[in-house]
Amino acid sequence: MTKALTTVATCELDPDEGLRAVVALRELADRLEDEHVKRAIGLGWSWARIAEALNVTRQAVHKKHSPRLRAAGIDTGRNRSA
Amino acid sequence: MLERFSRPARDAVKRARDLAAADGAGTVEAEHILLALTQQADRPTARALDDLGMSEAAVRSALAEELTDALQLVGVAVTVAPRPPSRPGRSTPRWGQSAKLALKRAVQVAIDRGHKRIDDRHLLLALGQAEAGVVPRVLRMLDVTPSDIDAALG
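In order, the protein sequences belong to chains E and Z. Read in order, the letters of the first sequence correspond to residues 1 to 82 in my numbering. Read in order, the letters of the second sequence correspond to residues 1 to 154 in my numbering.
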């Protein structure tokens, strides 16, 4: 079942709840990104492919995720195809 | 601003940034300061938090529950697991608004109480003063009021 965005925004939630949900959705997006970048790297995806899928530059995605993945002992591949 | 912070307060601030980095958070927020305070086990502030039922594990559970509830508001039905206790990460996230406000309020709390230095207890009192956001909801969830915090700090 889907609802119009304006219905949710104006009829069902007050601004306090709505803004709370916005913050939560940002965190959900961050967490989903972390999980799926980790999986993609595990599957041998290149940083360039991940970057394209996320609509960001390769440098941005590498800078954001490679320290965390390396700290978790995941090979982020110096020789991974750029 | 940090030059007037005591050593433990500075340690908490640094630790908050490290915890945010380890969590993969884009910004350091008030909840990271709260988690940092729970981790400084040798400090009276951490003991007060423990007495209030706010161990690191309890805070992380409440944070996950808060996030799950907030997502429900817009029909996203996922259960978010608490993040595991984390070790310092390596990236350096920016300071988010809720954390900046907490630091400013800590300075004011110290001034109001006639203290020259800003200590880690002032950070905790400042977190208790937030009116909107994740930390006040987590405090309500754990049934902790600002005056409970004041009393626990003695």
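By construction, the Cβ of each residue, glycine as well, lies at the ideal position given by its N, Cα and C atoms. Fair warning: this is a prediction, and the values are worked out from it, not measured in the lab.
Relative to the C-alpha of residue i, which candidate in the options has its C-alpha closest?
i                : options                             : result
LEU124 (chain Z) : Z:ASP148, Z:VAL76, Z:LEU71          : Z:ASP148
GLY64 (chain Z)  : Z:VAL13, Z:ASP112, Z:ASP23          : Gly is not the amino acid found at residue 64 (chain Z); the sequence shown has Ala there. When only C-alpha atoms are compared, the closest one is Z:ASP23.
ARG83 (chain Z)  : E:THR6, E:ASP30, E:ALA40            : E:ASP30
ALA30 (chain Z)  : Z:ARG60, Z:ALA62, Z:GLY96, Z:ALA58  : Z:GLY96
ASN55 (chain E)  : E:ALA24, E:THR10, E:GLU33, E:ALA9   : E:GLU33
GLN40 (chain Z)  : Z:VAL13, Z:VAL138, Z:ASP69, Z:GLY53 : Z:VAL13
ILE33 (chain Z)  : Z:ALA77, Z:ASP69, Z:VAL134          : Z:VAL134
LEU71 (chain Z)  : E:LEU28, E:HIS36, E:ARG68           : E:LEU28
ASP150 (chain Z) : Z:VAL138, Z:ASP11, Z:VAL109         : Z:VAL109
ALA102 (chain Z) : Z:VAL74, Z:ARG113, Z:HIS122         : Z:HIS122
According to DSSP, residue i sits in a beta bridge with which residue or residues?
i                : result
TRP95 (chain Z)  : Z:VAL28
ILE118 (chain Z) : Z:PHE5
For my contact list, residue i and residue j are in at a C-beta cut-off of 8 Å; report their separation, rounded to the angstrom.
i                : j                : result
ILE118 (chain Z) : ALA9 (chain Z)   : 5 Å
ALA25 (chain Z)  : LEU37 (chain Z)  : That belief does not hold up - the Cβ atoms of ALA25 (chain Z) and LEU37 (chain Z) are roughly 17 Å apart, past 8 Å.
ALA48 (chain Z)  : LEU153 (chain Z) : 5 Å
ALA60 (chain E)  : LEU67 (chain Z)  : Their Cβ separation, rounded to whole angstroms, is 25 Å, which puts ALA60 (chain E) and LEU67 (chain Z) out of contact at 8 Å.
Taking the C-alpha atoms as reference points, what is the distance between residue i and residue j?
i                : j                : result
VAL22 (chain E)  : ASP16 (chain E)  : 10 Å
ALA48 (chain E)  : SER66 (chain E)  : 13 Å
LEU2 (chain Z)   : ALA99 (chain Z)  : 13 Å
PRO85 (chain Z)  : ALA58 (chain Z)  : 11 Å
LEU127 (chain Z) : PRO44 (chain Z)  : 16 Å
GLY42 (chain E)  : ILE74 (chain E)  : 8 Å
ASP120 (chain Z) : ARG17 (chain Z)  : 15 Å
GLU56 (chain Z)  : ARG26 (chain E)  : 23 Å
VAL144 (chain Z) : LYS116 (chain Z) : 27 Å
LYS64 (chain E)  : ALA72 (chain E)  : 14 Å
ARG20 (chain E)  : ILE111 (chain Z) : 31 Å
ARG161 (chain Z) : ASP51 (chain Z)  : Outside the displayed span of chain Z (1 to 154) sits residue 161 (chain Z), for which this structure offers no information.
LEU35 (chain Z)  : THR27 (chain Z)  : 14 Å
ALA9 (chain E)   : PRO146 (chain Z) : 32 Å
THR2 (chain E)   : GLU12 (chain E)  : 14 Å
Whose Cβ in chain A lies nearer than 7 Å to the Cβ of residue i?
i               : result
LEU43 (chain E) : The structure shown has no chain A; the protein chains it does contain are E and Z.
query = Using a beta-carbon distance cut-off of less than 9 Å, what residues from the region 16-40 of chain E approach chain Z?
reply = If the cut-off is 9 Å between Cβ atoms, the region 16-40 of chain E has ASP16, GLU17, GLY18, LEU19, ARG20, ALA21, VAL22, VAL23, ALA24, LEU25, ARG26, GLU27, LEU28, ASP30, ARG31, GLU33, ASP34 near chain Z.
query = For the region 61-79 of chain Z, which residues have a beta carbon sitting closer than 9 Å to at least one beta carbon of chain E?
reply = Answer in chain order: GLU66, LEU67, THR68, ASP69, ALA70, LEU71, GLN72, LEU73, VAL74, GLY75, VAL76, VAL78.
message = Which residues of the region 49-69 of chain E have a Cβ closer than 9 Å to any Cβ of chain Z? Give them in chain order.
response = Residues LYS63, LYS64, HIS65, PRO67, ARG68.
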